Amino acid sequence: MITHKRSDFPQDFQFGVATSSYQIEGHSFGGAGRTHWDDFAATPGNVVRAENGALGCDHYNRLEEDLDLIAGLGVDTYRFSTSWARVLPEGRGTPNQEGLDFYDRLVDGLLARGINPALTLYHWELPSALADLGGWRNRDIAGWFGDYTDTLMRRIGDRVWSVAPINEPWCVGWLSHFVGAHAPGLRDIRATARAMHHVLLAHGTAIQVMRGHGMKNLGAVCNFEWAAPVDDSAEAAAAAARYDAIYNRFFLGGLFKGEYPDLVLEGLDPHLPKGWQDDFDVITTPVDWSGLNYYTRNLIGPAATPWPSYSEHTGELPLTSMGWEIYPDGLRDFLIRMAREYTGDLPIYVTENGMSAPDQITGGAVDDPHRISYLNVHLDAVKQALAADVPLKGYYIWSLMDNYEWALGYEKRFGLIHVDFESFARTPKASYHALAQALRS
Ligand code: FCB
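Here my numbering = 1-based position in the sequence shown + 41.
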């Protein structure tokens with residue numbers, strides 16, 4: 042069982058569940074345009090079994106059922122995203138009315154059930170037409186993103202509870218353009234530097250557009266991975282500091298201090314666009330809260346390669362089916378670090394936390410004690426952060442239901458609800474029932 046009760050947390054504390062558009066909707070329905078994930082997945086070797094988001098969880102066709110399942114959990118908030126290519130199939134120009142109608146129904150359906158709609162504007166499904174123009178490498182993307190924000194907010198901006206422009210800038214920038222593990226699958230340091238900067242410029246532009254609409258409760262969502270040196274050597278400490286700067290400090294530094302860490306500039310400065318320092322006015326446009334996605338830690342050592350010259354190692358802690366170590370202390374320590382070093386009194390939300398496992402249906406039920414215990418130890422970390430006076434206002438679980446886990450296809454199951462990817466039948470897991478019970482208590 043979940044060993045925590047709602048009454049253990051501050052009165053206005055928001056419990057939520059999270060999903061994203063491309064991972065669940067079924068992007069082949071409803072007139073959505075092609076995205077760079079469709080192209081990435083169609084390129085052999087990028088995605089397990091070349092799976093894509095064409096069908097997802099068939100959420101587009103099962104909206105009401107899924108909204109009822111969210112309501113059945115008793116959560117306060119549902120964090121979801123809208124797909125740029127569903128709203129604007131070519132990325133710019135004529136909107137897809139069917140797509141806008143869908144998001145309209147989604148928001149109204151949440152409100153009718155007493156759930157706060159927490160919107161993310163971009164969870165990685167860049168329209169292919171914009172990828173053709175250079176995607177995140179092209180500075181114009183800030184304006185395109187601002188226009189998309191404007192189009193969507195004219196339709197649903199009056200009813201969403203919170204908005205974050207971009208999910209996880211590290212994934213948009215580094216993972217997708219340096220590591221090459223996500224669309225567009227580049228391994229190019231110049232593209233990386235530009236994407237990392239432009240994603241923040243797009244964030245600030247969207248915040249300004251939404252302020253222009255008089256909107257409130259706007260935030261930023263970054264992901265973090267605790268970087269621990271693999272051994273006691275000075276070389277490992279230096280490599281871990283570099284990893285930490287790229288992964289965890291670059292985007293917070295840009296958003297909340299208007300500066301990038303020296304440890305990142307030492308590698309990326311020559312590749313950043315000219316005049317990047319002048320963009321901090323837009324990038325630091327004030328937000329109302331800061332979101333933190335957290336899953337794991339990584340052990341870092343040196344490497345005899347060009348910058349950033351680090352190597353990654355797996356430690357001794359229990360692993361999830363992603364191969365990620367379970368390390369709840371990192372959640373507590375990041376919450377404390379974020380408040381003390383970057384955001385001060387600004388409200389913080391844990392916008393994603395959860396685990397994958399090879400969950401199966403047996404006798405009509407799914408027993409996932411591993412997920413229940415993962416949630417318990419991470420809620421312990423949340424309580425420790427609250428006790429350390431972090432202004433933490435909510436905790437959202439990734440994910441409502443099993444879904445398309447990007448380059449790993451459909452086999453990494455993160456859901457509180459099991460999805461059969463042939464029949465699309467939903468089966469709430471034991472963790473769903475345990476959470477529902479805890480939230481009623
Ligand atoms: C996060 C993503 C989310 C999901 C989880 C497991 O980085 O935001 O879409 O893939 O990881």
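Where a beta carbon is used, it is the ideal one built from N, C-alpha and C, also for glycine.
Predicted model, so just to flag it, every value in this text is computed and none were measured.
(message) Within 8 Å of any Cβ in chain B, is that where the Cβ of residue 76 sits?
(response) Of the chains in the structure shown, none is chain B; there is only one protein chain.
(request) Grab me the residues of residue 415's own chain with a C-beta within less than 8 Å of its C-beta, minus the 5 sequence neighbours each way, in chain order. (result) 361, 367, 395, 396
(request) Could you pull out every residue in the same chain whose Cβ sits closer than 8 Å to the Cβ of residue 193, ignoring the five residues on either side in sequence? (result) 123, 128, 141, 144, 162
(message) Please determine whether the Cβ atom of residue 455 lies at a distance below 7 Å from any heavy atom of ligand 2.
(response) You won't find ligand 2 in this model; what it holds is ligand 1.
(request) Could you tell me the distance, in whole angstroms, from the CA atom of residue 253 to the CA atom of residue 200? (result) 16 Å
(message) Please state the DSSP three-state secondary structure of residue 459.
(response) strand
(message) Please classify residue 218 as buried or exposed, where buried requires at least 16 neighbouring CB atoms within 10 angstroms.
(response) buried
(request) Select from 454, 456, 434, 449 the residue whose C-alpha is nearest the C-alpha of residue 56. (result) 434
(message) Going by the DSSP bridge assignment, what does residue 360 pair with across the sheet?
(response) Under DSSP, residue 360 takes part in a beta bridge, and its partners are 366.
(request) Using 10 angstroms around the beta-carbon of residue 402, count the other beta-carbons present and answer buried if the total reaches 16, otherwise exposed. (result) exposed
(request) From the DSSP output, in three-state form, read off residue 333 for me. (result) strand
(request) Check the DSSP bridge columns for residue 433 and list the partner residues they point to. (result) 389
(message) Can you give me the C-alpha to C-alpha distance between residue 380 and residue 297, rounded to a whole angstrom?
(response) 11 Å
(request) Would you mind stating whether residue 210 and residue 292 have Cβ atoms separated by less than 8 Å? (result) In this structure, residue 210 lies near residue 292, with their beta-carbon atoms less than 8 Å apart.
(request) Please name the residue, chosen from 330, 118, 471, 457, that lies closest to residue 389 on a Cα-to-Cα basis. (result) 330
(message) For ligand 1, is there any heavy atom lying closer than 7 Å to the beta carbon of residue 212?
(response) It does: the Cβ of residue 212 is within 7 Å (strictly closer) of some heavy atom of ligand 1.
(message) Suppose the cutoff is 8 Å on Cβ atoms and the five residues either side in sequence are ignored; what does the same chain contact list for residue 375 look like?
(response) 265, 267, 289, 333, 335
(message) Does the beta-carbon of residue 300, which I'm using as the reference point, lie nearer than 7 Å to any heavy atom of ligand 1?
(response) no
(message) With distance defined between alpha-carbon atoms, name the residue in 104, 323, 63, 154 nearest to residue 125.
(response) 63
(message) Please return the same chain residues whose Cβ sits closer than 7 Å to the Cβ of residue 429, not counting the five positions on each side in sequence.
(response) 377
(message) Which residue wins for smallest C-alpha separation from residue 88, given the options 456, 448, 482, 481?
(response) 448
(request) Counting only the same chain and skipping the five closest in sequence on each side, list residues whose C-beta sits under 8 Å from that of residue 83. (result) For residue 83, where only same-chain residues beyond five positions count, the Cβ hits under 8 Å are 91, 93.
(request) Would you identify the three-state DSSP class for residue 138, choosing helix, strand or coil? (result) DSSP, read as helix, strand or coil, puts residue 138 in helix.
(message) Quick check: what's the CA-CA separation for residue 116 versus residue 58?
(response) 7 Å
(message) Let me check you understand the geometry: is the CB of residue 164 closer than 7 Å to at least one non-hydrogen atom of ligand 1?
(response) yes
(message) If I measure Cβ to Cβ from residue 61 and keep anything under 6 Å in the same chain, skipping five residues before and after, which residues do I get?
(response) 122, 164
(request) Whole angstroms is fine: what's the gap from residue 177's alpha carbon to residue 315's? (result) 16 Å
(request) Could you give the DSSP three-state label for residue 351: helix, strand or coil? (result) strand
(message) Between which two residues does the beta strand (DSSP E) holding residue 121 run?
(response) Where residue 121 is concerned, the enclosing beta strand (DSSP E) stretches over 118-122.
(message) Quick check on DSSP: helix, strand or coil for residue 267?
(response) strand
(request) Pull up the DSSP beta-bridge partners for residue 427, would you. (result) Answer by DSSP bridge pairing: none, since residue 427 is not bridged.
(request) Please indicate yes or no: does the CB of residue 334 lie closer than 7 Å to some heavy atom of ligand 1? (result) yes
(message) Using 8 Å as the threshold, is the C-beta distance between residue 137 and residue 73 below it?
(response) yes
(message) Quick check: does the Cβ of residue 61 come within less than 7 Å of any heavy atom belonging to ligand 1?
(response) Yes, the beta carbon of residue 61 sits closer than 7 Å to at least one heavy atom of ligand 1.
(request) Alpha carbon to alpha carbon, how far is residue 271 from residue 49? Give it in angstroms, no decimals. (result) 36 Å
(request) Would you tell me roughly how many angstroms separate the C-alpha atoms of residue 299 and residue 324, rounded to the nearest one? (result) 7 Å
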